[in-house]
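Enquirer:
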Amino acid sequence: MFWDKKIETLKPADLQDLQLRRLKKTLHQVQNVEFYRNRLNSAGLKNTAIKTLDDIQKIPFTKKQDLRDGYPFGFFAVPLKKIVRIHTTSGTTGKPTVVGYTRKDLDTWANLIARNMTMIGISEDDVFQNMVNYGMFTGGLGFHYGAEKIGMAVIPSATGNTRRQIEMIRDFGVTTIHCTPSYAMHLSEVAEEMDITLDSLKTGIFGAEPWSETMRHTLEARLGVTAYDSYGLSELFGPGVAFECPERNGLHIWHDCYLVEIIDPKTGERVSDGERGELVVTPLVKEAMPLLRYRTGDVTMLMEDGCLCSRSKKIQRITGRSDDMLVIRGINVFPSQIEHVLLKIPEVGNQFMVYIDRINHLDEMTVDVEINRGYFSGELADLAKLQKKVVKELHDVLELRTTVKLVEPGSLPRFEGKAKRVIDRRGDM
Ligand SMILES: [Zn+2]
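So the sequence shown is numbered by the working numbering: it starts at 170 and just counts up by one.
1) Considering only the beta carbon of each residue, do Glu-389 and Thr-349 sit closer than 8 Å?
2) In the structure shown, what three-state DSSP assignment does Lys-174 receive?
3) Name the DSSP beta bridge partners of Pro-408, please?
4) Got a list of residues with beta-carbon closer than 6 Å to any non-hydrogen atom of ligand 1, in chain order?
5) Applying the criterion that 16 or more other CB atoms from any shown protein chain within 10 Å of the CB defines a buried residue, is Ile-467 buried or exposed?
6) Residues bridged to Leu-388 by DSSP?
7) Assuming Ala-353 contacts Gly-373 under a Cβ cut-off of 8 Å, what Cβ separation, rounded to an integer in Å, is found between them?
8) Would you mind stating whether Gly-407 and Thr-307 have Cβ atoms separated by less than 8 Å?
9) Express the C-alpha separation of Asp-551 and Leu-448 in angstroms, rounding to a whole number.
10) Please confirm whether Leu-192 and Leu-471 have their CB atoms less than 8 Å apart.
11) Whole-angstrom Cβ separation of Leu-569 and Ile-497, contact assumed at under 8 Å?
12) Starting from the Cα of Arg-486, find the closest Cα among Ser-399, Gln-188 and Phe-503 and give me that residue.
13) Sort out for me which residues DSSP pairs Thr-266 with in a bridge.
14) Check Met-534 in the structure and name its three-state DSSP category.
15) Rounded to a whole number of angstroms, what is the C-alpha to C-alpha distance between Glu-177 and Asn-216?
16) Would you tell me roughly how many angstroms separate the C-alpha atoms of Trp-278 and Ala-316, rounded to the nearest one?
17) Would you say Met-337 and Glu-293 are within 8 Å of each other, going by their C-beta atoms?
18) Starting from the C-beta of Ile-365, find all residues in its chain whose C-beta is less than 7 Å away, skip the five residues before and the five after it, and write them out in chain order.
19) Pull up the DSSP beta-bridge partners for Tyr-526, would you.
20) Tell me whether Ile-319 is buried or exposed, calling it buried when 16 or more other Cβ atoms sit within 10 Å of its Cβ.
21) Across the region 583-593 and the region 494-508, are there enough close Cβ pairs to call them in contact, namely three or more that are closer than 8 Å?
22) Opposite Tyr-463 in the DSSP bridges: which residues?
23) What would DSSP say about Gln-226, mapped onto helix, strand or coil?
24) Residues in its own chain within less than 6 Å of Gly-269 by CB, not counting five upstream and five downstream?
25) Could you tell me which residues DSSP pairs with Ala-396 in its beta bridges?
Here it is, written out as structure tokens:
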């Protein structure tokens, strides 16, 4: 099940040759970007300074803030008339980041999505419902054109109107869905309410937010799908950067298109395979917006073991974005860890919210979690017991004392796009 077998199974030496050739081309291309001309000049790097792939470590990192400072078109390496699409990434503060695509970029991107979907056995025989935002978010159009390239029937249902989404899955015999894991969970709840079983579904592609192995099992049981993790970010086209193969143990990152480094986020030094750190990527095939050593903020590792499918080195599932990472009384906490704990306790539901406050100079974390009515008798004594249990389980994993509030089923917000389950109120005081 290969879209481009030759490229996907290149021998390491051939792959490195290709990477080096493409890196040199990229270095040439960034000369069209004032930011990089200045950067490379002040680092004393002439074009000839990069002779091997390892020489890339001489080049300074590019950070998200650099892209923001270049708003709107400061990172475009081609004239605007060559740009055929613009996306932006949501900025939580200030201006968004703008990404541009040439016609060739869009084609490259669609081919990468086609690689991913073919890898897990999706073909022109499938019916695909794409339940993500079709606007500026790259997940919508990105998957749309990749799926069309393979030739399956694509339903651009986007987000919203969950009941209608469920009817379409049933009526159109949808086999494959793409959405965020949190929306998939919501979808399964609404299908249950409607008393509809989604028998045609086979494959669920979930991405755009970190999710846990426990969440995978839950989604597979509730939706009757095999669930695959999809990783990407808009600065690197969008989705399609890395994807799970049928082994579902790590994600294949497309090394012919993305030169991967894992660094210690504090020192900027490279770490070895098998060690966790921040993913840094130099895209090797982007025309409109080439980047050098882009710090993704995502935490992962390069996996040492090869894969049965014969594609090259995988990265471990992203456990969190370093900017999703919460530091509570000096302890690092990822929302995905909280999810992981809660999903293992059947008496509580899968919906939760986390609030962080600073009270008397101390960080306090409160977790609101819905009771699962099916498992709970309603006795007050049981409620107190359950609450203690959740506090203990969270403490065992996070090594952090939390306040847990049990709330009514259905009372917490549901999310169609990226879930915003953490509200950090420490800055408000
Ligand atoms: Zn594989």
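For glycine and all other residues, C-beta sits at the position ideal for the given N, C-alpha and C.
Source: prediction; values computed, not measured.
Expert: On the basis of the coordinates in this document:
1) no
2) helix
3) Gly-401
4) Cys-414, Glu-416, His-421, Cys-476, Cys-478 and Arg-480
5) Before going further, note that residue 467 is Asp rather than Ile in the sequence given. So Asp-467 ends up on the buried side.
6) Leu-388 pairs with nothing; no bridge assigned.
7) 6 Å
8) yes
9) 44 Å
10) no
11) 6 Å
12) Ser-399
13) Thr-258
14) strand
15) 29 Å
16) 11 Å
17) no
18) Ile-335 and Arg-339
19) Note that residue 526 is Asp in the sequence shown, not Tyr. Answer by DSSP bridge pairing, in chain order: Glu-533.
20) buried
21) yes
22) Thr-231 and Val-450
23) helix
24) Phe-245, Ile-252, Ile-255, Ala-457 and Met-458
25) Gly-373
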